[in-house]
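Chains as they are written, first to last, in the working numbering: chain P, 23 to 319; chain C, 23 to 319.
Next comes the structure, spelled out in C-alpha cells:
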C-alpha cells in the first residue's frame, strides 16, 4: 500500500532548452521521483512537467524544482501567449494510488510552506487546498498576471497563504490538490466550427451542461475538421463514456457524426476501465479485485 | 521489468475442505507467489485456484501443488459432473506482465519435467506448448478421462510428453501456455433460451463465427432471462467490444436487447482498456505510455 502522488507543474519557460533541462533535472535527480513526461510550448513560452512518486519524494522534487526555476526564470522579461504569474506558475498534486485527496492537500501545504521558506516565492493554495471559496479557481487567482500581482496581493482578499508580497522575478505560485484532469477531444465529420462551438457550449458546466466538464470548439486545420475540445476535471463525476455519448447525440441532431477522439497525455487506468464497465454494461464489477494488475500495484 | 506469470490450475476436489486448503496452502507457502483466488464447485467436485508471481515462484508453487494433490486426491474414488483425468487436471500458464508466450512455454516444460520427476505424474503439454497439432486441445487429450487413460496412453499418438503410463491414483495432467481466458456473459431481455442458443451458435468459432470465441446459450433461472455465455480464448483476436457489438446486433434482429453483462473472475487490464479505446474511437492511443499505472508496474 505505497502511496503514489503525481504532480504536473507548469513552468514559465518554453523556449530556452538549457533552462528547461536544468529544471527537469531537479526531478531526474530526486530519488523516488519518476519523471513521466515534459513538453514545451514555444508560443506559450511554457513547459508542463509530469512526475510521480511517494509523497516524500514528490515534496522534495517539487521544492527543488521551484528553487531552480526561481533562480533561472525572470518574469520581468517573460513573454508568451498563455497567462502566467510565476516562474513556476501552478503546481497541482493528484492522487494516483492508495493516496487520498487529504494526502494531496497535506502535501500541498507542506510544499507551499517550504517554497516560501526555501525559495522566497509566496504561495496561493488553490482547488481542494484553497482556504476560501474565491481562491479555489486558478484563473481567479492568476487574474492580473505577474505584472498586476504586486498590487493585487495588497488586497486582504488576495494575501498569499504562505509569504507576503511577490518574489521580484519569480512572482507567485498556486499549489493545490485536485482530481486527475483528462484532456479529451472529439472529432466531428464536418468543417463546421460553429457546430463544435454550439455542442461545446451545451456540454460545459459553466453554461449549464455536464458537471466537471469544460469544453470549446476548435478547428483542426490540417484535417479541416471541427473538434469539441474537452477538459474533464473529475471523471468520477462525469465519465468519458457519458460525455462521448452526449456529444454523439448532439452531433447526430445536427446531422454530423463523431468520427474519432484524442486522449492527450496521461490518463488514470480507472478512467478507461470505467468506460469499459459502462460500455459493456458489466453488472457487479469489482474494479479492485477483478483487474489482475491491481494485485500488482 | 519483472516478469509476472499467472497459473489457473483445476484440482479434482471440490467437496473436502481440508484437502482443498492443504492444496491451496502450497501456493500460500511459496515465497513470491500471490494467491489471487480459489473457488470450489461441489457438483463438479473440482476447485480452480488462481495465483501469479515470477516464473521461478510460479514454478515452485505449481510443482508443490501437484505433489500435494497427488498425495491427497485419489481419482479411483472421484465422482463429479465435470470430465477429469488427473488429481490436478489442467495447469495453464498465462503471461501477465513483461512475460512472453515463449516464457510461458518454457515454464510449462520446466514444470512438466519436474512434475513427473518429483510427483511421478505423467504430463501432456497442451495449447501453445503442445508438441503436435492433435495434442493442442485439452478436450482431445482428456477424452476417455481417468478411467480410459491407462489404455489411451499406450497409443503412440497419446504417449505423455514427460513420463509413461499413468499415476495409479493421480492420473495424468495437461500443462501448457495459453493467452488469458476471459469468461464473459451477455444477458438478454427475454426468457427465450432458443434465441440465446441461436446467437451463441452464430458467434462461436466452431460453427464459423468469430475467431477465439466459444459460446453457448444458458438460462438464468433466478432472473428468468436467457444469456449468451462466452469464453474469449484470445481477446487480442476478438475483443470484448467486438463480441458485444455483434451480440447486440443479433439480438436486435430478433427483437431483443442486451441488458447487461457479467465478467467472471479476473481480467487483464488491457482487455478492458482495449474496450475503452474501441468504444471511444481513440486515435493513436499508446497503451504503455498513456495509462499512468503502466509506469508503476
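Yeah, the Cβ is synthetic: ideal placement off N, Cα and C, and Gly gets one too.
Predicted model only: the values in this text are computed from it and were never measured.
*Between the stretch 188-204 of chain C and the stretch 240-248 of chain C, are three or more C-beta pairs nearer than 8 Å?*
no
*What in chain C is Cβ-close to residue 258 of chain P, meaning under 7 Å?*
Taking the first chain and counting its residues from 1, one reaches residue 258 of chain P at position 236. Residues of chain C passing the Cβ test: none, with the nearest at roughly 15 Å.
*For my contact list, residue 79 of chain C and residue 53 of chain C are in at a C-beta cut-off of 8 Å; report their separation, rounded to the angstrom.*
Start at 1 with the first residue of the second chain, and residue 79 of chain C comes out as number 57. Start at 1 with the first residue of the second chain, and residue 53 of chain C comes out as number 31. About 7 Å; that satisfies the 8 Å criterion.
*What's the C-alpha gap between residue 141 of chain C and residue 151 of chain C?*
Walking along the second chain from the start, residue 141 of chain C turns up at place 119. Walking along the second chain from the start, residue 151 of chain C turns up at place 129. If I take the Cα positions, the gap works out to 20 Å.
*Alpha-carbon spacing of residue 279 of chain P relative to residue 305 of chain C, whole angstroms*: Taking the first residue of the first chain as position 1, residue 279 of chain P is located at position 257. Taking the first residue of the second chain as position 1, residue 305 of chain C is located at position 283. Straight-line Cα distance between these residues: approximately 15 Å.
*asked:* Distance cutoff 9 Å, beta carbons only. Does residue 312 of chain C sit that close to anything in chain P?
replied: In the second chain, counting from the first residue as 1, residue 312 of chain C sits at position 290. Yes, contact with chain P.
*So who's on the other strand from residue 289 of chain P, going by DSSP bridges?*
By 1-based counting over the first chain, the position of residue 289 of chain P is 267. Answer is C/313, bridged to residue 289 of chain P.
_Let me make sure I understand the geometry here. Which of C/193, C/157, C/196 has the alpha-carbon closest to that of residue 178 of chain C?_
Taking the first residue of the second chain as position 1, residue 178 of chain C is located at position 156. With distances taken between Cα atoms, residue 178 of chain C lies closest to C/157.
_Test: residue 158 of chain P CB closer than 9 Å to a CB of chain C_ = On the first chain, position 136 is the one that residue 158 of chain P refers to. It does not: the Cβ of residue 158 of chain P has no partner Cβ on chain C nearer than 9 Å.
*Mark residue 309 of chain P as exposed unless 16 or more other C-beta atoms lie within 10 angstroms of its C-beta, in which case mark it buried.*
Stepping through the first chain from its first residue, residue 309 of chain P is reached at position 287. The residue is exposed, with fewer than 16 neighbouring Cβ atoms inside 10 Å.
_Test: residue 119 of chain C CB closer than 9 Å to a CB of chain P_ = On the second chain, position 97 is the one that residue 119 of chain C refers to. So, interface residue.
*To the nearest angstrom, how far is it from the Cα of residue 234 of chain P to the Cα of residue 291 of chain P?*
To locate residue 234 of chain P, count along the first chain from 1; it is residue 212. To locate residue 291 of chain P, count along the first chain from 1; it is residue 269. So the alpha carbons of these two residues sit roughly 19 Å apart.
*Which whole runs of the beta strand (DSSP E) in the stretch 116-163 of chain P are 3 residues long or more, in chain order?*
145-147
*Might you give, ordered along the chain, the residues of its own chain that have their beta carbon closer than 8 Å to the beta carbon of residue 129 of chain C, omitting 5 neighbours on each side?*
On the second chain, position 107 is the one that residue 129 of chain C refers to. Around residue 129 of chain C: 27, 77, 80, 81, 115, 199.
*Identify whether residue 59 of chain C lies in helix, strand or coil by the three-state DSSP scheme.*
Your numbering for residue 59 of chain C matches position 37 in the second chain. Of the three classes helix, strand and coil, the one that applies to residue 59 of chain C here is strand, per DSSP.
*Start-to-end residues for the beta strand (DSSP E) that takes in residue 170 of chain C*: One-based indexing of the second chain puts residue 170 of chain C at position 148. Looking at the DSSP string, residue 170 of chain C is not in any beta strand (DSSP E); the run it does join, the alpha helix (DSSP H), is 167-174.
*asked:* Between the stretch 217-228 of chain P and the stretch 177-196 of chain P, can you find at least three pairs of beta-carbon atoms closer than 8 Å?
replied: no
*Applying a beta-carbon distance threshold of less than 8 Å, which residues of chain C neighbour residue 283 of chain P?*
On the first chain, position 261 is the one that residue 283 of chain P refers to. What residue 283 of chain P touches in chain C: 302, 303, 304, 305.
*What in chain P is Cβ-close to residue 103 of chain C, meaning under 8 Å?*
Residue mapping note: residue 103 of chain C aligns to position 81 of the second chain, counting from 1. None at all; the shortest Cβ gap to chain P is about 26 Å.
*Taking only beta-carbon atoms, is residue 26 of chain P less than 9 Å away from chain C?*
As a position in the first chain, residue 26 of chain P is number 4, starting the count at 1. Closer than 9 Å: yes.
*For residue 163 of chain C, which residues from the same chain have a beta carbon less than 7 Å from its beta carbon, with the 5 sequence-adjacent residues on both sides left out?*
Reading the second chain from its first residue, position 141 is the one you call residue 163 of chain C. Taken in chain order, the residues that qualify are 146, 148, 157, 196.
*Determine the closest residue to residue 269 of chain P out of P/285, P/259, P/250, P/257, with distance taken between C-alpha atoms.*
Counting from 1 along the first chain, the entry for residue 269 of chain P is found at position 247. For the residues P/285, P/259, P/250, P/257, the minimum Cα distance to residue 269 of chain P belongs to P/250.
*Give the single residue among P/271, P/227, P/276 whose Cα lies nearest to the Cα of residue 255 of chain P.*
Sequence index remark: in the first chain, residue 255 of chain P carries index 233 (1-based). Out of P/271, P/227, P/276, P/227 has the C-alpha closest to the C-alpha of residue 255 of chain P.
*Exposed or buried, what is residue 170 of chain P when buried is set at 16 or more other beta-carbons lying within 10 Å of its beta-carbon?*
Taking the first residue of the first chain as 1, we reach residue 170 of chain P at position 148. Flag for residue 170 of chain P reads exposed.
*Indicate whether at least one CB of chain P lies closer than 9 Å to the CB of residue 126 of chain C.*
For this step, residue 126 of chain C is matched to residue 104 along the second chain. No, because no Cβ of chain P sits closer than 9 Å to the Cβ of residue 126 of chain C.
*Listed in chain order, which residues of the stretch 46-58 of chain P have Cβ atoms closer than 8 Å to some Cβ of chain C?*
56, 58
*So what's residue 77 of chain P in DSSP terms, helix, strand or just coil?*
Counting from one through the first chain, the residue named residue 77 of chain P turns up at place 55. Residue 77 of chain P falls in the helix class under three-state DSSP.
*Can we count residue 101 of chain P as close to the ligand GTP, meaning its CB is less than 8 Å from some heavy atom?*
This structure lacks the ligand GTP, and indeed carries no ligand of any kind.
*Compute the Euclidean distance between the alpha carbons of residue 49 of chain C and residue 68 of chain C, then round it to the nearest angstrom.*
Here residue 49 of chain C is taken as the residue at index 27 of the second chain, counted from 1. Here residue 68 of chain C is taken as the residue at index 46 of the second chain, counted from 1. Rounded to whole angstroms, residue 49 of chain C to residue 68 of chain C spans 17 Å at the Cα level.
*Does residue 232 of chain P get closer than 9 Å to chain C when you measure Cβ to Cβ?*
Translated into the one-based positions of the first chain, residue 232 of chain P becomes position 210. It does not: the Cβ of residue 232 of chain P has no partner Cβ on chain C nearer than 9 Å.
*If the cut is a Cβ gap below 9 Å, which residues of chain P does residue 263 of chain C touch?*
Locating residue 263 of chain C in the second chain gives position 241, counting from the first residue. What residue 263 of chain C touches in chain P: 298, 301, 302.
*Give the DSSP bridge partners of residue 68 of chain P, in chain order.*
Taking the first chain and counting its residues from 1, the one referred to as residue 68 of chain P is at position 46. DSSP, once it has assigned bridges, lists P/63 as partnering residue 68 of chain P.
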